[in-house]
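Asker: The opening position of the sequence shown corresponds to residue 111 in this note's numbering, with each subsequent residue numbered one higher. Using N, Cα and C, we set each Cβ at its ideal position, and we do this for glycine too. This structure is a prediction, so every number in the text was calculated from the model and none was measured. Once you've had a glance at the structure underneath, I'll fire off some questions.
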Amino acid sequence: MLRESDRQDGIVCVKVGENGYADVILGELGAVQTVGSCNIELLGNGSRAELDGIYAAADSQEQDLNYRIGFTGKESQGAIVVKGALAGQARKALKSTIDFIKGAAGAKGREEETVLVLSDKVINLSAPLLLCGEDNVEGEHATSTGKPDEAKLYYRMSRGLSETEAKKLIVEASFTPLLNK
111 MLRESDRQDG
121 IVCVKVGENG
131 YADVILGELG
141 AVQTVGSCNI
151 ELLGNGSRAE
161 LDGIYAAADS
171 QEQDLNYRIG
181 FTGKESQGAI
191 VVKGALAGQA
201 RKALKSTIDF
211 IKGAAGAKGR
221 EEETVLVLSD
231 KVINLSAPLL
241 LCGEDNVEGE
251 HATSTGKPDE
261 AKLYYRMSRG
271 LSETEAKKLI
281 VEASFTPLLN
291 K
């Protein structure tokens, strides 16, 4: 549970001590303008964190998201996994950072984002960043952006769904693992 002291100027801040674990789930859904930020610090040796996020924006909604995991503890492990959907003339910027700080020997971090684009008019900016101030670390980052698979759309529409309903179902299926968590 986050305490008021865990928030700094609207930023969710989490500090994880030795052998500790943090599991943060963020949902950015439906606001006209969203600014979201989460900073996790893996301070202790053997500390671990998972930051999972989902977002959806449509019409002329705007989202500016900034997620970071800083690795200080030896053999710390962290992951940022984000899934999103954009429709209409929505605009989204996600900056996700894995930051290996001197002293984090043996640390492992990864970040990934999957964006489902439902309109040719959306603006999507994905900026994964991997910073490395330590030699002996493992880091991965990836972003994938695409439209719904035409075969999946056709299959659902051939079962009586409209195109809009079929797209909603595909988005829901993409979000389900995080929603279940």
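Note down, in chain order, each residue of its chain lying with its Cβ closer than 7 Å to the Cβ of R266, except the 5 sequence neighbours on either side.
Answerer: A276, L279
Asker: Indicate the three-state DSSP secondary structure (helix, strand or coil) for A197 in the structure shown.
Answerer: coil
Asker: For Y177, write down the residues that DSSP places opposite it in a beta bridge.
Answerer: C148, S206
Asker: By DSSP, does P287 sit in helix, in strand, or in coil?
Answerer: helix
Asker: Do we get a CB-CB distance below 8 Å when we pair E260 with the residues of chain D?
Answerer: Reference to chain D is not applicable here, since this structure consists of a single protein chain.
Asker: Tell me the rounded alpha-carbon separation between S157 and G270.
Answerer: 49 Å
Asker: Which one or two residues does DSSP pair with R220 in a beta bridge?
Answerer: The partner list for R220 (beta bridge, DSSP) reads A189, E250.
Asker: Could you spell out where the beta strand (DSSP E) holding L136 opens and where it closes?
Answerer: 131-139
Asker: Based on the DSSP secondary-structure assignment, which residues constitute the bridge partners of E227?
Answerer: Looking at the sequence itself, residue 227 is Val, so the reference to Glu does not match. According to DSSP, which records beta bridges pairwise, V227 is partnered with L196.
Asker: Just mark V192 as buried or exposed, buried being the case when its beta carbon has 16 or more other beta carbons within 10 Å.
Answerer: buried
Asker: Nearest-angstrom Cα distance between G213 and C148?
Answerer: 22 Å
Asker: Excluding the five sequence neighbours on either side, which residues of its own chain have a C-beta within less than 6 Å of the C-beta of S254, listed in chain order?
Answerer: T224
Asker: In this structure, how does DSSP classify R266 when only helix, strand and coil are distinguished?
Answerer: helix
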